[in-house]
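K.L.:
To start, I am sharing the structure in question, which I have written as structure tokens.
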Amino acid sequence: MGTRRLTGEEKTLSVILTATYSSQHVQRQMEASLKLAPLEIILVSAANLLGELPDSIVAGCSVHGVDHLASPFSARAIGAAQARGDILLFLGEDRFYPVSSLQRFLCPLHYQQVDLMLSEEVVRERGRQRTELVRGISQLLNEGYGHPEWREASLVDTPHAFTKKVLSKIPAEELAHPAQAFRKLLSSGILIRTMPMEPLQEWVPFQPELLGACLSELSIWEQAVIEEQVAAFSCLPIRGGLEDGQRKREVAEQFAQQRGRTPLHQVKQWGKWPLRSTKHYGEDRLSVIIPACNEERTIGNVLREVLQLAPAEIIVVVNGSCDQTARIAREHGVTTVEIAEPLGVDTGRAVGASLARGDILLFVDADFVIPAMDLYPFVRACQHHVEVALNDQRRFLSGVPSRDGVLTARQALNAAINRKGLGPGSMLVVPFALRRESFAPIGWQLLTCPPKAQAAAALAGLDIRLVHEVDSFVRNRIRPAKNLAASGRSLAFQQILGDHIEAFQLLAESGVKIWKQSVKAGW
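Going by my numbering, the residue at position 1 of the sequence shown is 1264; the numbering climbs one at a time, nothing skipped.
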């Protein structure tokens, strides 16, 4: 190809296109690329697609056929190694962009000292749900890197562009693993900038082999992105160095090891609610676990609703309380475990589960009341051998921005554990229920970190379902010290994001590519 340059500029441009499962998008991508006046257009294609390329593409591009592409990212590395331009622009196979947007995207590389340009998603409607859940994994990683301002921008997504300086920091072949390459670039001293990019809505590439999937499925593209990103979490500090909610994890471990006995001499246990079966649950016995800390105003009403379920036992784990919570629980005749020190977030659930003897364990909180009729479906689902029964909150999230970090993290984790259909469903949220026989082998102590427990349940092959809708957003009590912050991230926000990073680190450590496994059918 003859040399083409942006008028008046010394820097030359190489555009890298890829075709892994189809070449239908290439013609339009090449037409847009030519309007950028590049030095060259490089097309890296699966060898079996070469025969279907029009002559105009073969004449207009430097075409490289590859017999076996290990992943959709491998082609980018090959193209980068061949590029001669001062700037390399990578366009994907899933979206088209206006030429004017691409020109604006490249300007900082031409006119400023920027070395790497990454694209962000454009969000116009408040509450619009993200269509590509795996992008949320990049957002969580950027939080762990200490760059929340980059949102979901990453080398995994396209378009992205960089100067040759980037290839002096990492060899081109490392672009085959973009998440790891990006991590290395963070410490290289290069200047990174992001820009919102909105694709053309009227032109969407047809890529059924690469991108096609039903609501509960992961496409080949999503599987490849998850595999790349999960590996990067193992390089972060534990929990990304984020707040842990002052959890006393060692206490949860002690209770789990004692298998139903209170292990600490400073723990008081009052009452032994008699284990019994009722007509509601057949052969199954129901245990209800309620952690509580200074909830004297609500615990009585919470117990009133729970008692209507006629459970085999109710265990209230009172920790760090200085009010009458424990007295009120005792007066209701339930098993009351008193621990003087605060256990921290979610640890009471793990303690209560370790003491419980029922076949089905239902978890509720003490700070807001849920009617018994809204609790019963979670128990019923476990009767029908659902092993983890979750609260479906999707209907109550219409006012939550699609870039909300907590919502995004929950959706991203479910995609990574191959439970995409769960949406934002999470063990963070009560009520939820478990089957003892299924979860006990995993370890009750994992309940101290609910997202990690959910990931562990998926790795163990448990059947995880959304079974009923309860609006816990409206009912849940706001604690200013935890939920609000004068500046930056609140403690609750940091803790929840840290929980999800911890869950992803479990996935990375397990070595199990759960995102490529089949998922159980419905009940």
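Note that the Cβ used here is the ideal one computed from N, Cα and C, for glycine as well.
All values reported here derive from a predicted model rather than from experimental measurement.
F1641 and F1694 - do their beta-carbons sit closer together than 7 Å?
P.N.:
Locating residue 1694 in the sequence shown gives position 431, counting from the first residue. Locating residue 1641 in the sequence shown gives position 378, counting from the first residue. Residue identity check: residue 1694 is Pro in the sequence provided, not Phe. Contact flag set, yes.
K.L.:
In whole angstroms, what is the alpha-carbon distance linking P1434 and C1556?
P.N.:
For the purposes of this step, residue 1434 is identified with residue 171 of the sequence shown, where counting begins at 1. For the purposes of this step, residue 1556 is identified with residue 293 of the sequence shown, where counting begins at 1. C-alpha separation (whole angstroms): 54 Å.
K.L.:
Given a threshold of 16 other Cβ atoms within 10 Å of its Cβ, counted over all protein chains shown, does F1756 qualify as buried or as exposed?
P.N.:
Within the sequence shown, the letter at position 493 stands for residue 1756. F1756 comes out buried.
K.L.:
Does the distance from the C-beta atom of A1310 to that of G1323 stay below 7 Å?
P.N.:
The residue labelled residue 1310 in the question sits at position 47 within the sequence shown. The residue labelled residue 1323 in the question sits at position 60 within the sequence shown. Not in contact: A1310 and G1323 (Cβ atoms no closer than 7 Å).
K.L.:
Quick one: residues in its chain with C-beta nearer than 6 Å to the C-beta of R1512, no 5 flanking neighbours on either side, listed in chain order?
P.N.:
By 1-based counting over the sequence shown, the position of residue 1512 is 249. Excluding sequence neighbours, R1512 sits near T1711.
K.L.:
Check this for me: beta carbons of Y1277 and E1303, under 7 Å apart or not?
P.N.:
Taking the sequence shown and counting its residues from 1, one reaches residue 1277 at position 14. Taking the sequence shown and counting its residues from 1, one reaches residue 1303 at position 40. Inspection of the sequence shows that residue 1277 is occupied by Ser rather than by Tyr. Against a cut-off of 7 Å, the Cβ pair of E1303 and S1277 comes out as a contact.
K.L.:
Where does V1488 land, buried or exposed, given buried means 16+ other C-beta within 10 angstroms?
P.N.:
Along the sequence shown, read from residue 1 onward, the residue named residue 1488 stands at position 225. The residue in question, V1488, is buried, as its Cβ has 16 or more Cβ neighbours within 10 Å.
K.L.:
Exposed or buried, H1288, counting other C-beta atoms within 10 Å across all chains shown (16 or more means buried)?
P.N.:
Numbered from its first residue, the sequence shown carries residue 1288 at position 25. With 16 or more Cβ atoms within 10 Å of its Cβ, H1288 is classed as buried.
K.L.:
In chain order, which continuous runs of the beta strand (DSSP E) of length 3 or greater are located wholly inside the stretch 1611 to 1685?
P.N.:
With a minimum length of 3 residues, the continuous beta strand (DSSP E) runs that stay inside the stretch 1611 to 1685 are 1623 to 1626 and 1651 to 1654.
K.L.:
Is the beta carbon of A1340 sitting closer than 7 Å to the one on L1499?
P.N.:
The residue labelled residue 1340 in the question sits at position 77 within the sequence shown. The residue labelled residue 1499 in the question sits at position 236 within the sequence shown. It is not a contact, given that the beta carbons lie outside the stated cut-off.
K.L.:
Who does I1577 pair with in a DSSP beta bridge?
P.N.:
As a working note, residue 1577 is residue 314 in the sequence shown. Paired residue(s): V1551.
K.L.:
Going by beta carbon distance, what residues of the same chain come within less than 8 Å of L1462, once the five residues before and after it are set aside?
P.N.:
One-based indexing of the sequence shown puts residue 1462 at position 199. The displayed chain sequence assigns Pro, not Leu, to residue 1462. The residues are R1358, F1359 and Y1360.
K.L.:
Note down, in chain order, each residue of its chain lying with its Cβ closer than 8 Å to the Cβ of S1364, except the 5 sequence neighbours on either side.
P.N.:
As a position in the sequence shown, residue 1364 is number 101, starting the count at 1. Here the set comprises M1460 and E1461.
K.L.:
Roughly how many angstroms separate the alpha carbons of F1336 and G1452, rounded to a whole number?
P.N.:
As a first step, residue 1336 is located in the sequence shown; it is residue number 73 there, counting from the start. As a first step, residue 1452 is located in the sequence shown; it is residue number 189 there, counting from the start. Distance between the alpha carbons of F1336 and G1452 is about 24 Å.
K.L.:
Take K1428 and list the residues in its own chain whose beta-carbon comes closer than 6 Å to its own, dropping the five residues that flank it on each side.
P.N.:
By 1-based counting over the sequence shown, the position of residue 1428 is 165. Here the set comprises D1378.
K.L.:
So is the beta-carbon of A1435 under 6 Å away from any non-hydrogen atom of the ligand NAP?
P.N.:
Judged by which ligands are present, the structure shown has none, so any question about the ligand NAP falls away.
K.L.:
How far does the beta strand (DSSP E) with V1692 in it extend, from its first residue to its last?
P.N.:
The residue you call residue 1692 lines up with position 429 of the sequence shown. Careful: V1692 lies outside any beta strand (DSSP E) and carries neither H nor E.
K.L.:
Look at K1531 and E1601 and say whether their C-beta atoms are less than 7 Å apart.
P.N.:
Within the sequence shown, numbered from 1, the residue matching residue 1531 stands at position 268. Within the sequence shown, numbered from 1, the residue matching residue 1601 stands at position 338. Yes.
K.L.:
So what does DSSP say about V1278, is it helix, strand or coil?
P.N.:
Position 15 of the sequence shown holds residue 1278. Strand.
K.L.:
Taking C-beta to C-beta, are G1607 and R1502 nearer than 7 Å?
P.N.:
Numbered from its first residue, the sequence shown carries residue 1607 at position 344. Numbered from its first residue, the sequence shown carries residue 1502 at position 239. No, Cβ-Cβ distance for G1607 and R1502 is not below 7 Å.
K.L.:
From Y1639 to L1760, what does the alpha carbon distance come to, in whole angstroms?
P.N.:
Mapped onto the sequence shown, residue 1639 falls at position 376. Mapped onto the sequence shown, residue 1760 falls at position 497. Y1639 and L1760: Cα-Cα distance of roughly 30 Å.
K.L.:
Roughly how many angstroms separate the alpha carbons of G1545 and R1682, rounded to a whole number?
P.N.:
As a working note, residue 1545 is residue 282 in the sequence shown. As a working note, residue 1682 is residue 419 in the sequence shown. Those two C-alpha atoms are separated by around 30 Å.
K.L.:
Using the C-alpha atoms, what's the distance from S1382 back to H1423?
P.N.:
Here residue 1423 is taken as the residue at index 160 of the sequence shown, counted from 1. Here residue 1382 is taken as the residue at index 119 of the sequence shown, counted from 1. Roughly 6 Å separates the two Cα atoms.
K.L.:
By a C-beta neighbour count over all protein chains shown, 10 Å radius and 16 as the cutoff for buried, is Q1464 buried or exposed?
P.N.:
Taking the sequence shown and counting its residues from 1, one reaches residue 1464 at position 201. Q1464 comes out exposed.
K.L.:
For V1385, which residues from the same chain have a beta carbon less than 6 Å from its beta carbon, with the 5 sequence-adjacent residues on both sides left out?
P.N.:
Counting from one through the sequence shown, the residue named residue 1385 turns up at place 122. Cβ neighbours of V1385 beyond the five flanking positions: P1459 and E1461.
K.L.:
Quick one, are the C-beta atoms of L1625 and A1696 less than 7 Å apart?
P.N.:
On the sequence shown, residue 1625 is found 362 positions in, with the first residue counted as 1. On the sequence shown, residue 1696 is found 433 positions in, with the first residue counted as 1. In this structure, A1696 lies closer than 7 Å to L1625 by Cβ.
K.L.:
Considering only residues of the same chain and omitting the five flanking positions on each side of L1299, which have a CB-CB separation below 8 Å?
P.N.:
Position 36 of the sequence shown holds residue 1299. Excluding residues within five positions, the ones whose Cβ falls inside 8 Å are L1269, L1276, V1278, L1352, V1362, L1365, Q1366 and L1369.
K.L.:
Using DSSP bridges, identify the partner residues of T1457.
P.N.:
For the purposes of this step, residue 1457 is taken as the residue at position 194 of the sequence shown. DSSP output for T1457 lists L1381 as bridge partner(s).
K.L.:
Considering only the beta carbon of each residue, do C1645 and R1698 sit closer than 7 Å?
P.N.:
As a working mapping, residue 1645 is identified with position 382 in the sequence shown. As a working mapping, residue 1698 is identified with position 435 in the sequence shown. Contact flag set, yes.
K.L.:
DSSP puts E1303 in a beta bridge; with which residues?
P.N.:
Position 40 of the sequence shown, counting from 1, holds the residue named residue 1303. Bridge partners of E1303: S1277.
K.L.:
How should R1775 be labelled, buried or exposed, when 16 other C-beta atoms within 10 angstroms of its C-beta is the threshold for buried?
P.N.:
By 1-based counting over the sequence shown, the position of residue 1775 is 512. As written in the sequence, residue 1775 is Val, which differs from the Arg given in the question. It counts as exposed.
K.L.:
Judging by CA-CA distance, which residue of L1313, G1355, S1308 and L1448 is the nearest neighbour of A1333?
P.N.:
Taking the first residue of the sequence shown as position 1, residue 1333 is located at position 70. Nearest option by C-alpha distance: S1308.
K.L.:
Between the alpha carbons of Y1284 and I1350, how many angstroms are there, rounded?
P.N.:
Within the sequence shown, the letter at position 21 stands for residue 1284. Within the sequence shown, the letter at position 87 stands for residue 1350. Their Cα atoms are separated by approximately 27 Å.
K.L.:
In three-state DSSP terms, what is S1325?
P.N.:
On the sequence shown, residue 1325 is found 62 positions in, with the first residue counted as 1. Strand, per DSSP.
K.L.:
To the nearest angstrom, how far is it from the Cα of C1477 to the Cα of G1504?
P.N.:
The residue given as residue 1477 occupies position 214 in the sequence shown. The residue given as residue 1504 occupies position 241 in the sequence shown. Those two C-alpha atoms are separated by around 36 Å.
K.L.:
With DSSP as the reference, identify every bridge partner of T1426, one or two as the case may be.
P.N.:
Against the sequence shown, residue 1426 aligns to sequence position 163. Answer by DSSP bridge pairing, in chain order: I1350.
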